[in-house]
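This report concerns only the one structure given below.
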Amino acid sequence: MPASDTIPALRDIEADVPSMAMSTRSEFVDAVVPLFERLNLYDRTRPPYDQPQNDAADPTKRVPQGFIDAMTVREEVFVKEQNIPLENELDEDDARSFHWTAYASIPTKAISPELQAQNNEANGDGQASHSRKVSNSTKIPVGTIRLVPPPHPPHPTPGSHHQADALDVDGNGRKDSTTIHDGREAYIKLGRLAVIPEFRKAGISKLLIETALTFAKDNPYEMMPQRDPSKIEAMRVESDGGVGVDWKGLVLVHAQVGVQKVWKRHGFEYDEAMGTWDEEGIDHVGMWKRVDVEPGRRKSKPFSVSSPPLMAT
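In UniProt numbering, the protein residues as written are 1 to 313.
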């Protein structure tokens, strides 16, 4: 995760390196595990780089920079490009989700003196300015994805309209059936896949999707509902041996119609029974994939709020 406490002005940096070749940068991915109540410090009505309540909080309790960077990308893509209301971009699922952010590392010499001067000014007194912010490193967030563990709300009805992707979730994880989903099996959901325009041909989507799926396959126990182990065991007994509780590799995406091909390239199959519905005025479809999962146990050591970076290959 970048050491900087400030957020890069994405479009300014991109404008200053218009001919940046792939050989002049490298990408890596930073992960943030579910934040739960820590995310209460995040004000959904403010831009991600303007979070005074979070800035004033105890550093050990703040929303980590990795999540702020993820929201920076989401604001660029969903709010500024697709006109999603800012206050709707952070939803009820974000607090219980795993998040990944892809960064591009740009040589310092590729950043203009003006941007470096802004950066020095922003860090001069140790406080982040609430105007335009530039990282004091050369790493900028360029893409993000999230993984939402079960349980999930019922699947959208074809032709329906939704203000937000996340709805209230009931307690047992039992859902309605579709062509692919039997309505009972536990599944995880990938979403909020976003890459800023200048990096959409750099393989960032592929990197993020593969990183999230690999993490899920390697940590199946972490894909279970975030509840006390004794309650999970009780749910397992009550649900015919774990149906609806144990994750066995089923993955759902609510894909924007315009990017179905991205998910199809990664093995996701269109669910005809789910039809088409709109979220924030954008048509979506349901797509599924099943990955091979080895039964696992919860790791003895809990994940930190922000895991070490995963380098791209």
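Built from N, CA and C at the ideal position, the CB exists for glycine as well.
Give me, in chain order, the residues of the same chain whose beta-carbon lies closer than 8 Å to that of residue i; leave out the 5 immediate sequence neighbours on both sides.
i           : result
Leu41       : Gln51, Gln53, Asn54, Ala57, Lys61, Arg62 and Val63
Ile188      : Leu147, Val148, Pro149, Pro150, Ala216, Met223, Trp247, Leu250, Val251 and Leu252
Val264      : The displayed chain sequence assigns Lys, not Val, to residue 264. Closer than 8 Å at Cβ, skipping near neighbours: Tyr270 and Met287.
residue 314 : No answer is possible for residue 314: the residues shown for the chain start at 1 and end at 313.
Glu89       : Arg44, Met71, Arg74, Glu75, Phe78 and Val79
Val291      : Leu213, Ala216, Lys217, Gly249 and Val251
Distance, Cα to Cα, residue i vs residue j?
i      : j      : result
Val293 : Ala212 : 14 Å
Leu208 : Ile145 : 6 Å
Lys201 : Leu35  : 31 Å
Val285 : Arg38  : 32 Å
Leu193 : Ser160 : 22 Å
Val195 : Glu210 : 15 Å
Phe78  : Asp218 : 30 Å
His181 : Gln82  : 30 Å
Pro197 : Thr157 : 31 Å
Arg46  : Pro59  : 20 Å
Leu191 : Gly183 : According to the sequence provided, residue 191 is Gly. The question's Leu does not apply to it. Their Cα atoms are separated by approximately 20 Å.
Phe28  : Trp277 : 34 Å
Starting from residue i, trace the beta strand (DSSP E) in both directions and tell me its first and last residue.
i      : result
Gly286 : Ile282 to Arg290
Gln163 : First-last for Gln163: undefined, no H or E at that position.
Arg74  : It is not in any beta strand (DSSP E) - Arg74 instead sits in the alpha helix (DSSP H) that spans Gln65 to Arg74.
Glu279 : Thr276 to Glu279
Pro141 : Lys139 to Val148
Gln51  : No beta strand (DSSP E) holds Gln51; DSSP gives it neither H nor E.
Leu86  : Premise fails: Leu86 lies in the alpha helix (DSSP H), Leu86 to Glu89, not in any beta strand (DSSP E).
Ala57  : Counting along the chain, Ala57 falls outside any beta strand (DSSP E), and DSSP gives it neither H nor E.
Trp100 : Phe98 to Ser105
Ile196 : From DSSP, Ile196 is part of no beta strand (DSSP E); its letter is neither H nor E.
Gln82  : First-last for Gln82: undefined, no H or E at that position.
His254 : Leu250 to Gln256
Hey, quick one: how far does the alpha helix (DSSP H) through residue i stretch, first residue to last?
i      : result
Phe215 : Ile204 to Asp218
Trp263 : Gln260 to Arg265
Keeping to the same chain, check which residues put their C-beta closer than 6 Å to that of residue i; ignore five residues upstream and five downstream.
i      : result
Asp272 : With the sequence shown as reference, residue 272 is identified as Glu, and Asp is not the correct amino acid for it. Around Glu272: Thr179.
Phe199 : Val142
Ile84  : Phe78 and Glu280
So, residue i versus residue j, is the Cβ gap smaller than 7 Å?
i      : j      : result
Met287 : Val262 : no
Glu75  : Arg44  : no
Asp176 : His155 : yes
Pro141 : Asp69  : yes
Gly66  : Val33  : no
Ile204 : Gly275 : no
Lys289 : Gly267 : yes
Glu279 : His99  : no
Gln260 : Ile282 : no
Check the C-beta distance from residue i over to residue j and give it rounded, since I have them as a contact under 8 Å.
i      : j     : result
Thr138 : Asp30 : Rounded, the Cβ-Cβ distance is 15 Å, inconsistent with contact.
Tyr103 : Thr72 : Contact flag wrong, Cβ pair sits at about 11 Å.
Taking 7 Å as the limit between beta carbons, can you name the residues of its chain near residue i, skipping five residues before and five after?
i      : result
Ala117 : Below a pLDDT of 50, predicted positions are generally treated as unreliable, and Ala117, at 48, falls in that range; no measurement from the model is reported.
Lys206 : none
Using a Cβ-Cβ distance cut-off of 7 Å, determine whether residue i contacts chain D.
i      : result
Lys189 : Included in the structure is just one protein chain, with no chain D present.
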